[in-house]
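Data block below; observations after.
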Amino acid sequence: AVLSGLAPGGGLYMPERWPALADPDAFAEIPFGQAAARVLALYAGDEIGFDRLHKMAERAYAGFEHAAVAPLRPLADDLDLLELFHGPTLAFKDVAMRMLAELYGWALQDAVRGKTIIGATSGDTGGAAVAAFAGKANVEVFMLHPRGRISDVQRRMMTTGSAANIRNIAVDGTFDDCQRIVKTLFADEVLARACDLGGVNSINWVRLAVQSTYFLTAAAQRPVAAFVVPTGNFGDIFAGFAAKRMGARVGLLIAATNRNDIVRRAIESGVYSPSRVDA
């Protein structure tokens, strides 16, 4: 699941069952790296132990500007802000992407051939992936973004680096077009094997497992009636759902969308119907 992206047949990897946390409230007191390692260890089983995961997490979060990685800041009596912008690219994607890069390094340390990572971005994923994987051994990254539909800061983060293993591709289309290309490539099993494709978008289960950690740490610090989650592709709010299934006192999960509101429309109508995308 770390390296494969899509599952055989084009579906997404999911846990066969949700692991139950023995003491979710304990996540209020432990460092974030330790919390992330605990979560991943529940899914990894015997394949990789907690101690190794903890060391990876310490490396992954060493460059964050806040020691808590994802601090919960009170704004009012019943309102808190979960700060997810303390990573190298100021995007919440840094939290999971840095850990995913460590896991790629572990999985490929004895590899005879490298891995080709292909992903799509509306801005934040690309910058976080470039920063996390730049210069990593045995990995080549190809990141697709919609031309003219990301901010100049995001474009510069992706396209001005010097790492030889990073390639950026501007697509004349929308983010959904970029995603469609990526999914088409993964769906071609012959091509996927020949190029040894790997994924870093939220189709990768590790991304969601790590992102569930900050829902766990926040809910452990104080009971949360509702998380209001800015929602585009549904990945982050699903990580909150995963945390809830693991035992976190998450409460409601509210998807906040802009005009690109396919998630809202799908939840309300039960019909997944893409429409025109506004930049």
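When the letters of the sequence shown are read in order and numbered with this note's numbering, they come out as residues 29 to 307. Backbone N, C-alpha and C define an ideal beta-carbon position, used for all residues, glycine too. These numbers were taken from a predicted model, which means no experiment stands behind them.
Next on the checklist: So the candidates are A129, R184 and R141; which of them puts its Cα closest to the Cα of D152?
Outcome noted: Residue 152 sits at position 124 when you count from the first residue of the sequence shown. Closest option to D152, Cα to Cα, is R184.
Item to check | Contact check, L172 vs I145, beta carbons under 8 Å | outcome: What you label residue 172 is simply residue 144 of the sequence shown in a count that begins at 1. What you label residue 145 is simply residue 117 of the sequence shown in a count that begins at 1. Result no, Cβ atoms of L172 and I145 do not sit closer than 8 Å.
Checklist entry - Whole alpha helix (DSSP H) runs in the stretch 184 to 251 with 4 or more residues, listed along the chain? => result 203 to 215, 217 to 223 and 233 to 249
Item to check | Residues that DSSP places opposite E331 in a beta bridge | outcome: The chain is shown only over 29 to 307; residue 331 falls outside these bounds and no answer can be derived.
Checklist entry - Could you give the C-beta distance for A48 and G275, rounded to a whole number, given that I count them as a contact under 8 Å? => result The residue you call residue 48 lines up with position 20 of the sequence shown. The residue you call residue 275 lines up with position 247 of the sequence shown. The Cβ separation is near 6 Å, so the contact holds.
Item to check | Contact set for A159: own chain, Cβ-Cβ below 6 Å, skip 5 residues either direction | outcome: In the sequence shown, the residue the question calls residue 159 occupies position 131. So the qualifying residues of the chain are P116 and T117.
Item to check | Same chain only: Cβ atoms within 7 Å of P258, ignoring 5 sequence neighbours per side | outcome: Sequence index remark: in the sequence shown, residue 258 carries index 230 (1-based). Once the five neighbours on either side are set aside, the close Cβ partners of P258 are A284.
Checklist entry - Hey, is the stretch 78 to 97 in contact with the stretch 56 to 70, meaning 3+ C-beta pairs nearer than 8 Å? => result yes
Checklist entry - If you run the structure through DSSP and keep just helix, strand and coil, what is D122? => result Within the sequence shown, residue 122 is the residue found at index 94, counting from 1. Helix.
Next on the checklist: What does the Cβ neighbour count give for R126, buried or exposed, with the cut at 16 atoms within 10 Å?
Outcome noted: In the sequence shown, residue 126 corresponds to position 98, counting from 1. Buried is the call here.
Checklist entry - Residues bridged to N180 by DSSP? => result Walking along the sequence shown from the start, residue 180 turns up at place 152. Per the sequence shown, the amino acid found at residue 180 is Asp instead of Asn. DSSP, once it has assigned bridges, lists no residue as partnering D180.
Checklist entry - What do you get for Y300, buried or exposed, if any count of 16 or more other CB atoms within 10 angstroms of its CB means buried? => result Residue mapping note: residue 300 aligns to position 272 of the sequence shown, counting from 1. Y300 is exposed by the Cβ-count criterion.
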